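J.: Could you have a look at this structure, given as structure tokens, before my questions?
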Amino acid sequence: MKLGPGLALYATEKQKTYLALIEERGTIANAAKELGVTKQAVHDSMMRLVKFAASKGYAPEHDLTRPVPDGYIVKGVSTYYDAHGRPTGQWVKSAVDPDRLRDMMSEIIAGMLEDLPAIQVKPAQLDWQSDVIPWIQIGDAHLGMLAHSSEIGENFDLKIAEREICSAIAQLIDELPSCERIVINDLGDFTHYENFAGETEASKHRLDFDTRFPKMIRVASRVMRFIIDRALGKAQHVDVIVNQGNHSRTNDIWMAELLRVAYGDSGRVHVLNNESAFIAYRMGKTLVMTHHSDLCKPKQLCHVMTNDFRKDYGETEYHYIDIGHVHHAMVLKEHPGIFVESFNHLAALDKWAHDSGYRNRKSITVILRSKTYGEQGRRVLGIQEIQDRLSSAKQATPSIREAYTV
């Protein structure tokens, strides 16, 4: 393994220390002895550094000396040699580094939002209850998904999605009494895709999407602001949870940052940190953990709660885990005293889900959770009631389709 000074550009602080000592002491073994660590630990760290540098286009021993820009990784290299083995030309193919792209987007958004004026929030009503906290469970909204009635039995696009979810949220919040806190729990997949190609970043699946990426972003931002502003009319404090979804992970990171900047000065809107896929919320004797559940399946979630949040789990009586992803209502009791529940959503099925045979009832739920006694009740608002309240109400279930008759 050849270690050159150029590797320092790609090294962590610890790796820079290793590099300096190796150069000073002459060998990995001597450097390890000086640091009081094993030779294998230093060797493995240097191997990781060499591989990382190569992924960025730097590996001089292999004639790779043209690093790619920040935010990219090397996808492939073709080097041409003459009869004497000297390189005469090189073609470097690069691709976007998804992890660095997410970090860069967060940094750029934070910078852009620094000088924006904060939203002015109206005072809440003074007479509120403090023990019960309503949880508005927003199942996978899939804003930006496109569906046609000729294919799945109903139409769905950004306009329909915005109208239905805003109508539902208004109805649910208007029915609530004044309260000290409301939790807005976006269970993930608030948006349907993550880039201009209409794909998810991780899987690169091509999706049925409604027109333009900027249009989806505008609608998603507008809907989230509508929800929060409506909740502020009933609650002194609004806690917002934006779970990372497999369709929306990149958008979920910037959405949380956007809301922090927009409402931060109000002192009444609190956006929970969503850099981890597991988010815990403790309220008195009640502990709630939220997760989209595309990566960690329901049966494993109880172990995550009791391990990652063991102190809060041990000090509380009522334990709930709220998930999305599956698009239908389900309650799973896998551990004494822990209830894992998934929630329905309002979005239509896309063609893939429809043709795969998936079906579900469309609804949105608000759960009344007490700090002292756990869940005390809930309101399930179905799509038929939502559409009946809209002037352009249509049949909620997929339309009856005629069979070909001979």
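Those letters in the sequence shown? Residues 69 to 474, per the working numbering, in order. Even glycine gets a Cβ: it sits at the ideal position worked out from N, Cα and C. As the structure is a prediction and not an experimental result, all values here were calculated from the model.
By Cβ distance, which residues of its chain are closer than 7 Å to Gly352, with the 5 residues on each side in sequence left out?
T.: Lys439, Thr440
J.: Who does Asp390 pair with in a DSSP beta bridge?
T.: Thr358, Glu409
J.: Does DSSP put Glu267 in a helix, in a strand, or in coil?
T.: Strand, per DSSP.
J.: For Glu453, which three-state DSSP category applies?
T.: Helix at Glu453.
J.: On the premise that Asp208 lies in contact with His413, defined as a C-beta separation below 8 Å, what is that separation, rounded to the nearest angstrom?
T.: 5 Å
J.: Between Val200 and Thr354, what straight-line distance do the alpha-carbon atoms span, to the nearest angstrom?
T.: 11 Å
J.: Assign Met373 to one of two classes, buried (16 or more other C-beta atoms within 10 Å of its C-beta) or exposed (fewer than that).
T.: buried
J.: Could you tell me whether the Cβ atoms of Gln197 and Glu248 are closer together than 8 Å?
T.: yes
J.: The beta strand (DSSP E) spanning Ser431 covers which residue range?
T.: 431-438
J.: What residue range is occupied by the uninterrupted alpha helix (DSSP H) comprising Met323?
T.: 317-331
J.: Helix, strand or coil for Gly74 per DSSP?
T.: helix
J.: Since Phe29 and His338 should fall inside the 8 Å C-beta cutoff, what is the C-beta to C-beta distance between them, to a whole number of angstroms?
T.: For the chain, the structure presents residues 69 to 474; residue 29 sits outside this window and is missing.
J.: For Tyr349, which residues of its own chain have a beta-carbon under 6 Å away from its beta-carbon, when the five flanking residues on both sides are left out?
T.: Val356
J.: Excluding five sequence neighbours on each side, which residues of the same chain lie with their C-beta closer than 7 Å to the C-beta of Ala97?
T.: Residues of the same chain with a CB within less than 7 Å of the CB of Ala97, apart from the 5 flanking positions on each side, are Lys107 in chain order.
J.: I need the straight-line Cα distance from Ser113 to Asn375, nearest angstrom please.
T.: 29 Å
J.: Looking only at its chain, what residues have a beta carbon closer than 6 Å to the beta carbon of Glu219, apart from the 5 residues adjacent to it on each side?
T.: So the qualifying residues of the chain are Lys419.
J.: Along the chain, where does the beta strand (DSSP E) that runs through His305 open and close?
T.: 303-310
J.: If you measure between the beta carbons of Gln449 and Ala122, is that distance less than 8 Å?
T.: It should be noted that the sequence gives Leu, not Gln, for residue 449. Cβ atoms of Leu449 and Ala122: not closer than 8 Å.
J.: Which partner residues of Cys247 appear in the DSSP bridge assignment?
T.: Gln197, Ala303
J.: Between which two residues does the alpha helix (DSSP H) containing Leu371 stretch?
T.: As written in the sequence, residue 371 is His, which differs from the Leu given in the question. Looking at the DSSP string, the run of the alpha helix (DSSP H) that includes His371 is 366-376.
J.: To the nearest angstrom, report how far apart Ala76 and Gly94 are at their CA atoms.
T.: 17 Å
J.: Work out the CA separation of Arg429 and Ile295 for me, nearest whole Å.
T.: Taking the straight line joining both Cα atoms gives about 22 Å.
J.: Taking all protein chains shown into account, decide if Gln455 is buried (16 or more other Cβ within 10 angstroms of its Cβ) or exposed.
T.: buried
J.: Look at the alpha carbon of Asn314 and the alpha carbon of Gly256, and state the distance between them as a whole number of angstroms.
T.: Between the alpha carbons of Asn314 and Gly256 lies a distance of about 8 Å.
J.: Ends of the alpha helix (DSSP H) at Val136?
T.: It is not in any alpha helix (DSSP H) - Val136 carries neither H nor E in the DSSP assignment.
J.: If you draw a straight line from the alpha carbon of Gln83 to that of Gly392, how long is it in whole angstroms?
T.: 40 Å
J.: In angstroms with no decimal places, state the Cα-to-Cα distance between Asn223 and Leu417.
T.: 10 Å
J.: Quick check on DSSP: helix, strand or coil for Phe281?
T.: helix
J.: So, Tyr386 versus Gly442, is the Cβ gap smaller than 8 Å?
T.: yes
J.: In terms of alpha-carbon separation, which member of Asn342, Lys227, Asp254 lies closest to Val287?
T.: Lys227
J.: Give the secondary structure of Ala464 by DSSP, where H, G and I count as helix, E and B as strand, and everything else as coil.
T.: With a pLDDT of 46 at Ala464, under the threshold of 50, the modelled position of that residue is not reliable, and the figure given next carries that caveat. In this structure, Ala464 counts as coil in the three-state DSSP scheme.
J.: Between the beta-carbon of Val434 and the beta-carbon of Pro202, is there less than 8 Å?
T.: yes
J.: Please determine, among Arg293, Gly125, Asp362, the residue with the shortest C-alpha to C-alpha distance to Cys234.
T.: Arg293
J.: Look at the alpha carbon of Pro137 and the alpha carbon of Asp167, and state the distance between them as a whole number of angstroms.
T.: 14 Å
J.: Could you give the residue range of the alpha helix (DSSP H) that holds Ala348?
T.: Taken as a continuous stretch (DSSP letters only), Ala348 belongs to no alpha helix (DSSP H), being part of the beta strand (DSSP E) at 347-351.
J.: So, is Lys302 buried or exposed, given that buried needs 16 or more other C-beta atoms within 10 angstroms?
T.: buried
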